[in-house]
Each structure stands twice: as C-alpha cells, then as structure tokens.
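Presented below is the structure to which this report refers.
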Amino acid sequence: MIRLPHNGARLALAALMLIVVGGCAGLDTARIPPIDAADTQPMPGKVVWHDLLTEDPTAARRFYAGLFGWTFREVGLGRGQSYTVIKHDGRIIGGLVDARRIGGDVNVSRWIPVLSVSDMAAAVAAVRAAGGTVYQAPLDIPQRGSVAVVADPQGAVLTLLEPRGGDPGDRPAEPGDWLWNEIWSSDPDATLAFYQSLVPAYEVEPLGDAESNYHYLSAGGTPRVGVIPKPVDRIANTWMAYVKVSDPAATAAAAEHLGGEVLLPPRKNPLGGEVAILNDPTGAGFLVQRWEPDPEHKTAR
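Using this note's numbering, read the sequence shown as starting at 2 and increasing by one per residue.
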C-alpha cells in the first residue's frame with residue numbers, strides 16, 4: 002500500500018521536513034532557486050511545484066533518473082544542509098528533501114504539492130477557520146515568496162505559495178512531466194467546499210453528468226485539481242500526483258526493476274488513456290498515465 006502518515010504527529014513531522022530548509026536560523030535560503038515562472042502572472046489554484054520527502058535520497062535519485070530521465074542538482078544552504086532541485090529536459094520541476102533526520106521507525110516518504118494562492122494571510126485564515134492545520138506559519142523564501150505548510154480539514158498535506166513574481170505558464174505535458182493532481186478524500190463535498198474557500202477563484206464542475214463522483218476545481222476556465230472519493234479506506238486523505246508517460250506497462254515494469262512497487266497494474270482509465278499506481282523504493286506513491294486529450298470533450302487534464 003501507499004505508505005502515508007496516519008496521525009497528526011507524523012503529518013506534522015513530514016510537513017516540517019518540507020520547510021526545514023527555510024525555517025532554520027543560519028541557513029542561506031536565498032540559494033533556493035526560484036520556480037521557473039519567466040514573465041507570467043500568478044495563477045492562484047495552480048499546482049506549481051512538487052517536493053519529495055524521502056528517507057533514501059540516493060535510491061530516490063537513481064529510481065526517478067532511470068524511470069523518467071530526471072536529473073538532480075544539490076544546492077548547499079550552509080550548516081551542512083542542502084536542498085536538491087529536480088530537473089526534466091533542463092527545466093526545474095520539483096525538489097527533494099532528505100527526511101532521514103526525522104529518525105525512528107516512521108516512514109514519511111511522500112510527494113507533497115505546492116499550490117499557488119493570491120493572499121497568504123487570507124489562505125492561512127481559511128485553513129484555520131475550516132478546522133485545518135497550519136504546520137508551518139508563513140515564512141519568506143527570497144527567490145520564491147511566502148510559503149506555508151498546512152493540512153486541509155480532512156488531513157491532506159500541501160504547501161501554499163504566494164509567489165513573489167508569477168507562476169509557471171501552462172504548457173502541454175510531455176512524457177516525464179507532471180500531468181495532473183488529485184485529492185483523494187473521505188468527504189469530497191467538504192473537500193470541494195474547503196478549497197473554494199482557500200482559492201476563491203475555484204469553480205467546481207463534475208466530469209461527465211451531474212451524478213459523477215469525479216469533480217474538478219477549475220480557475221479561469223482551466224481545470225487544476227481533481228477530487229474523488231478515497232479509493233482505499235485504509236490510507237489517509239491525500240494529494241496524489243500524476244506523471245505523463247508513453248507506455249504505462251513499460252513504465253511499471255521499469256519501476257519494479259528499479260526497486261519500486263506496482264500498486265495498481267496498468268489499466269484503462271474511464272477518463273481516458275491508461276493509468277498505473279506506483280511506489281518509489283521508499284514508499285512515496287504517485288501515478289503514471291498515458292494521456293492524449295480529446296479535443297471534442299472538456300477534460301480534467
């Protein structure tokens with residue numbers, strides 16, 4: 002199964018690991034590179050980054066390099082600490098955080114999304130008002146903006162970013178790029194209502210007919226995040242990220258060869274294409290999907 006934390010203490014540890022590079026006195030956070038935004042405008046409601054907490058950075062780098070061709074660059078922050086930038090085809094797409102300092106027998110390896118918001122103070126207030134948790138109050142990362150780590154009222158952890166400049170522009174996903182993000186929720190209606198309060202620009206739309214159990218949150222007419230009932234009761238409410246691939250079956254086989262695990266073998270997705278659910282060697286779960294958008298239909302990709 003996907004190894005996700007199951008109680009508040011473990012979630013807090015995982016969340017704090019994300020921002021340890023920005024929250025420790027004496028670290029040179031100005032070295033953390035900006036998210037590639039060129040001259041674009043802020044896009045509230047867009048997932049603009051993904052951070053990987055991992056308890057085996059060497060295995061994680063080997064796995065994702067072999068699976069998707071990602072490359073890694075370590076950025077020294079002083080005091081023996083560092084942050085690793087993930088690149089694909091020369092573009093920075095995420096970061097890697099060494100989670101081994103947590104210690105004990107708790108595995109917090111996981112992917113955590115970074116969601117753009119227009120007003121950090123209002124977003125944090127919305128989290129608290131709805132009964133969510135603020136694990137890290139807003140702090141400033143010089144080349145990025147204001148960052149906070151929170152959990153929604155159902156417990157799904159994410160990072161909020163009020164960007165200093167713009168957000169990465171929309172572009173067609175290529176194999177090896179991030180494709181989509183979903184929230185797996187035990188209470189989808191409550192989740193949808195919360196994220197509308199967090200990002201006022203969000204509108205809720207069903208995918209298909211009005212009775213569909215798949216909804217997505219769109220901003221400015223662009224679908225940004227899917228929300229579905231949690232497919233497995235025993236896992237925590239969570240965000241899940243998709244990577245685009247050309248051949249899910251070949252990717253799944255390669256993942257096993259590289260030390261990962263296939264949780265859901267490749268199969269046709271009712272929403273289009275083929276999808277598989279994988280764990281990396283330390284248990285961080287994600288999905289891969291072959292996807293070609295249908296120009297005749299509005300889709301959530």
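Even for Gly, the Cβ is constructed at its ideal location relative to N, Cα and C.
Inset, instruction - Write down the C-beta distance between I259 and L279 rounded to the nearest angstrom, noting that I regard them as a contact closer than 8 Å. - result: Position check: residue 259 holds Leu in this sequence, whereas Ile was assumed. Not a contact, Cβ separation roughly 10 Å.
Legend entry - Span of the beta strand (DSSP E) around S198: No beta strand (DSSP E) contains S198, which is instead part of the alpha helix (DSSP H) from 189 to 199.
Inset, instruction - Would you list the residues sitting across from W50 in a DSSP beta bridge? - result: V115
Legend entry - For G133 and D153, believed in contact at Cβ under 8 Å, the rounded distance: With 8 Å as the limit, D153 and G133 qualify as a contact, their Cβ atoms being about 5 Å apart.
Inset, instruction - Alpha carbon to alpha carbon, how far is Y243 from L288? Give it in angstroms, no decimals. - result: 5 Å
Legend entry - Selection from P143, P139, D171 that minimises the alpha carbon distance to T160: P139
Inset, instruction - Quickly, what does DSSP pair I236 with across the bridge? List them, please. - result: DSSP output for I236 lists no bridge partner at all.
Legend entry - Contacts around Q155, its chain only, beta-carbon distance under 7 Å, and the 5 residues preceding and following it disregarded: S186, S187, D188, A191, T192, N238
Inset, instruction - Please report how far the alpha carbon of L180 lies from the alpha carbon of A130, in whole angstroms. - result: 31 Å
Inset, instruction - Consult DSSP for E175 and reduce its assignment to one of helix, strand or coil. - result: coil
Legend entry - P176 versus S247 - alpha carbon distance: 6 Å
Inset, instruction - Inspect the beta-carbon positions of P45 and L97 and report whether they are closer than 8 Å. - result: no
Legend entry - CB of I184 within 8 Å of CB of V226, strictly: Going by beta carbons, I184 and V226 fall inside the 8 Å limit.
Inset, instruction - Specify the secondary structure class of G286 as computed by DSSP and reduced to three states. - result: strand
Inset, instruction - Inspect the beta-carbon positions of A127 and L218 and report whether they are closer than 8 Å. - result: no
Inset, instruction - Check P207 in the structure and name its three-state DSSP category. - result: DSSP places P207 in the strand class (E or B) of the three-state scheme.
Legend entry - Every unbroken beta strand (DSSP E) inside the region 118 to 188 [3 residues or more]: 134 to 142, 146 to 152, 158 to 164, 179 to 186
Inset, instruction - Assign A149 to one of two classes, buried (16 or more other C-beta atoms within 10 Å of its C-beta) or exposed (fewer than that). - result: buried
Inset, instruction - Pick out whichever of A122, A277, R92 has its Cα sitting closest to the Cα of G146. - result: The shortest C-alpha to C-alpha distance from G146 to any of A122, A277, R92 is the one to A122.
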